[in-house]
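Worksheet for the structure shown next.
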Amino acid sequence: MSAWIALGVGGQPDNPAELYTIPLHALKYRYAEQSYLQQFRHKDLSKNFYLDMRYYTLR
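To convert, take the position in the sequence shown, counting from 1, and add 3; that gives this note's numbering.
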């Protein structure tokens, strides 16, 4: 079973300036540098995302 963390940064709670969706298994430490989190950043916040069950990734 996959577990993900949705992390909104800046802006308003219902409209964050940046959104990161991070698989729980990718967080191995208590904190993460912003440079590491960039790989999980959603570039277009106007698009919805979903779990691709074939590859177990968010798209």
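Glycine is no exception: its CB is placed at the ideal position from the N, C-alpha and C atoms. Note that the structure is predicted; figures quoted are calculated from it, not measured.
query, result
"Give me the Cα-Cα distance between tyrosine 59 and alanine 29, rounded to the nearest whole angstrom.", "13 Å"
"So, helix, strand or coil for leucine 48, using DSSP?", "coil"
"Using a Cβ-Cβ cutoff of less than 7 Å, which residues in the same chain neighbour phenylalanine 1 once the five nearest sequence positions on both sides are dropped?", "With the chain running from 4 to 62 in the structure shown, residue 1 is simply not present."
"Using the Cα positions of alanine 6 and histidine 45, report the straight-line distance between them to the nearest angstrom.", "17 Å"
"For chain D, check one thing: does any of its Cβ atoms lie closer than 9 Å to the Cβ of arginine 44?", "Among the protein chains of the structure shown there is no chain D, as only one such chain exists."
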